[in-house]
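**Q** Sharing a structure with you now.
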Amino acid sequence: MGRLRIIPIVTVTALLLLWEAACRVMEVPDFILPAPSGIIHTCFTQAPLLLRHAGVTAGEIVLGISLALIMAVPLAILMFAHPAVEKALAPFLVASQAIPVFALAPLFVVWLGYGIASKVLMAAIIIFFPITVSLLEGFKHCGKEYATLFRLMGSGFWKTMRLLYWPWALPQFFSGLKVGVTVATIGAVIGEWVGAQQGLGYLMIQSNARLRVDLVFAAIVWLTGMGLCLWWFVGYLERRIITWK
Amino acid sequence: MMAMPGLSDPSAVRDTDEGLAISGLKKRFGALEVLDGFCVKVPRNGFTVLIGPSGCGKSTLFDVLTGVVTKDDGRICWLGEEVEHLGHHAAYMQQKDLLLPWLSLMDNALLPETVVGRTDRRVENRAQDLFARLGLKGFERYRPHQVSGGMRQRCALVRTLMFEHELVLLDEPLSALDAITRMSLQSLLLLLQVEFGRTMLMITHDVEEALLLADELVVLSPSPMRVTKQITLKQPKPRRISDPGLVRLKEHILETLKGDMCNGQA
């Protein structure tokens with residue numbers, strides 16, 4: 001096991017060294033492709049600037065996820081309680097998976113402006129449907145015999161929801177949420193690319209235009225870090241809450 | 246809440262009150278007539294076992310009784326009173342333990358009380374007592390996946406007994422267990438039935454299990470389901486399966502079941 005764990009570290013280090021060597025040997029200009037050492041340098045020297053923009057983007061992501069949850073949870077319960085509602089909304093669910101939501105980003109900017117509202121909505125819309133669907137599937141996954149048992153105990157819908165369906169669906173909910181949080185990052189950044197005054201996506205566009213490719217890469221590194229932190233945090237919550245698997 | 250005669254008064258255990266009476270029960274699924282005028286009487290405070298070949302409609306009967314499906318016609322009377330189904334009058338135990346994986350064994354057992362919002366000291370003590378009686382003491386805080394199948398089923402049995410209902414429906418509750426575990430649970434069922442004075446109605450296709458447990462043994466034939474024989478067993482419990490009377494009865498029941506199978510196929 002110990003040997004296997006080292007393998008990914010070795011491959012990543014090898015790639016970075018190769019990249020570094022290639023940049024130095026072939027004397028690639030910094031505005032085309034900066035060396036890893038240069039990117040790391042920028043990550044630290046520009047930290048205050050990056051931190052300011054990262055804070056905005058992180059806020060958009062967290063608000064987006066919250067908004068998505070506020071919409072997804074009641075909707076999933078409603079669709080589960082009333083199959084007619086599910087039937088009515090099914091076409092929209094399917095369409096939402098088929099339409100590239102990124103295409104809507106310019107519209108959101110037109111409707112909601114250059115502030116963070118359009119980015120929050122972008123992040124929320126992208127992850128809203130996967131979370132709704134995973135929650136609904138989780139509810140449906142619960143065996144019919146369990147429902148019968150609860151009915152015989154005299155349990156009504158909300159009590160059964162709280163004691164049976166909700167905990168039952170939690171594992172699916174978390175796998176949906178884990179996919180969701182990483183995608184929410186993409187949603188917020190796309191929103192910033194289309195039109196914003198701050199945020200890591202905005203910083204990337206600005207830096208690209210000024211040929212500060214090292215800063216573009218530094219923003220990507222920060223974004224990756226944020227995405228990983230979120231993913232790790234959801235995974236941590238999942239392990240803390242779902243202790244019965 | 247329903248009164249539970251027999252719980253406090255041990256002399257009422259062999260009461261001959263009319264318990265559950267089912268008459269003219271009909272249920273069809275499309276062209277398939279599963280129940281067509283099915284009748285059976287289940288004496289109060291007795292252990293009645295329904296035995297029949299698989300696919301004869303036993304599960305449909307229980308689905309109708311528990312209200313999972315609605316009957317097309319017929320009467321279900323519990324204690325002389327006609328009811329639509331037994332959903333609010335019976336505890337139900339199935340082949341699957343149906344324990345909730347995120348709850349401890351104790352919380353699973355207390356679930357019927359949690360649902361009605363009545364978990365107090367007295368209820369917890371009762372559950373504690375049952376845990377001790379069923380050999381689950383010390384495992385109260387374990388999760389279902391941490392214990393054996395036999396322990397899970399015993400926990401399901403505690404939960405069933407925590408229902409404040411006199412009537413207990415058992416749908417092949419032991420058939421998923423290994424032979425040794427099944428034997429110990431059979432004796433537990435007997436013990437609990439006598440002690441709590443519950444009316445038990447059990448489905449099984451294990452003839453020996455039926456002979457060991459039943460006061461009333463009802464042999465069923467398929468399509469549509471009918472009672473081909475109803476036998477009252479007077480032998481005292483606990484019984485031994487090697488008892489000559491039971492051995493003869495077993496042969497007889499197996500012959501009856503075999504005969505029904507042949508008729509059914511003809």
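Protein sequences, first through last, are from chains S and D.
Sequential numbering from 1 applies to the first sequence in this note's numbering.
Sequential numbering from 246 applies to the second sequence in this note's numbering.
Built from N, CA and C at the ideal position, the CB exists for glycine as well.
#1: Do residue 515 of chain D and residue 386 of chain D have their C-beta atoms closer together than 9 Å?
#2: Any C-beta of chain D within less than 8 Å: which residues of the segment 145-158 of chain S qualify?
#3: For residue 315 of chain D, does the three-state DSSP call read helix, strand or coil?
#4: How would you label residue 168 of chain S, buried or exposed, when you count the other beta carbons within 10 angstroms and need 16 or more for buried?
#5: So which residues of chain S does residue 357 of chain D contact, with C-beta pairs closer than 7 Å?
#6: Should the segment 449-461 of chain D be called in touch with the segment 471-486 of chain D, which here means at least 3 C-beta pairs below 8 Å?
#7: Note down, in chain order, every chain C residue with its Cβ under 7 Å from the Cβ of residue 332 of chain D.
#8: With 8 Å as the limit, tell me which residues of the segment 83-99 of chain S have their beta carbon closer than that to any beta carbon of chain D; keep them in chain order.
#9: Using CA atoms only, rank isn't needed, just tell me which of S:192, S:137, S:48 and S:166 is closest to residue 106 of chain S.
#10: By DSSP's criteria, residue 335 of chain D is part of a beta bridge. Which residues make up the other side?
#11: Which term fits residue 78 of chain S, buried or exposed, when burial requires 16 or more other beta carbons within 10 angstroms of its beta carbon?
#12: Can you list, in chain order, the residues of its chain whose CB lies under 6 Å from that of residue 276 of chain D, leaving out five sequence neighbours each side?
#13: Considering only residues of the same chain and omitting the five flanking positions on each side of residue 59 of chain S, which have a CB-CB separation below 7 Å?
#14: Going by Cα to Cα distance, which pick from D:264, D:356, D:361 and D:304 is closest to residue 272 of chain D?
#15: Tell me the DSSP bridge mates of residue 463 of chain D?
#16: Starting from residue 278 of chain D, follow its DSSP beta bridges and name the residues at the other end.
#17: Measure the alpha-carbon distance for residue 336 of chain D versus residue 242 of chain S and round it to whole angstroms.
#18: Kindly indicate if chain D contains any beta-carbon less than 9 Å away from that of residue 163 of chain S.
#19: Would you tell me roughly how many angstroms separate the C-alpha atoms of residue 178 of chain S and residue 235 of chain S, rounded to the nearest one?
#20: Give, in chain order, every residue of the segment 295-327 of chain D whose Cβ lies closer than 8 Å to some Cβ of chain S.
#21: With a threshold of 9 Å between beta carbons, is residue 143 of chain S in contact with chain D?
#22: Assuming residue 263 of chain D and residue 319 of chain D make a contact with CB atoms under 8 Å, what is their CB distance in whole Å?
#23: Could you check if residue 370 of chain D is buried or exposed, using at least 16 other CB atoms within 10 Å of its CB as the buried criterion?
#24: Near residue 293 of chain D, what residues of its chain come up, given a Cβ to Cβ distance below 6 Å and the 5 sequence neighbours on each side ignored?
#25: Residues of the segment 373-395 of chain D with a CB closer than 9 Å to any CB of chain S: list them in chain order, please.
#26: Compare the C-beta of residue 343 of chain D against all C-beta atoms of chain S and say whether one is closer than 9 Å.
#27: For residue 99 of chain S, report the span of its beta strand (DSSP E) as first-last.
#28: Where does the unbroken beta strand (DSSP E) through residue 328 of chain D begin, and where does it stop?
#29: CB-CB under 6 Å to residue 71 of chain S, same chain, minus the five flanking residues each way: which ones, in chain order?
#30: Pull out every residue of the segment 406-435 of chain D whose Cβ sits closer than 8 Å to any Cβ of chain S, in chain order.
#31: Whole alpha helix (DSSP H) runs in the segment 105-175 of chain S with 4 or more residues, listed along the chain?
#32: Going by CA-CA distance only, name the one from S:8, S:21, S:14 and S:41 that's closest to residue 213 of chain S.
#33: What does residue 339 of chain D touch in chain S if you count any residue whose Cβ is under 7 Å from its own?
#34: First and last residue of the alpha helix (DSSP H) that includes residue 75 of chain S?
**A** Reading off the structure:
#1: This structure leaves residue 515 of chain D out entirely; chain D is present only between 246 and 511.
#2: 145, 146, 148, 149, 150, 151, 152, 153, 154 and 155
#3: coil
#4: buried
#5: 153
#6: yes
#7: Of the chains in the structure shown, none is chain C; the protein chains are S and D.
#8: none
#9: S:192
#10: D:412
#11: exposed
#12: none
#13: 116
#14: D:304
#15: D:295 and D:475
#16: D:273
#17: 29 Å
#18: yes
#19: 7 Å
#20: 311, 312 and 313
#21: yes
#22: That belief does not hold up - the Cβ atoms of residue 263 of chain D and residue 319 of chain D are roughly 17 Å apart, past 8 Å.
#23: exposed
#24: 287, 446 and 461
#25: 388, 389 and 390
#26: yes
#27: First-last for residue 99 of chain S: undefined, no H or E at that position.
#28: 326-328
#29: 128
#30: 408
#31: 105-112, 116-140, 144-152 and 157-160
#32: S:41
#33: 145
#34: 47-81
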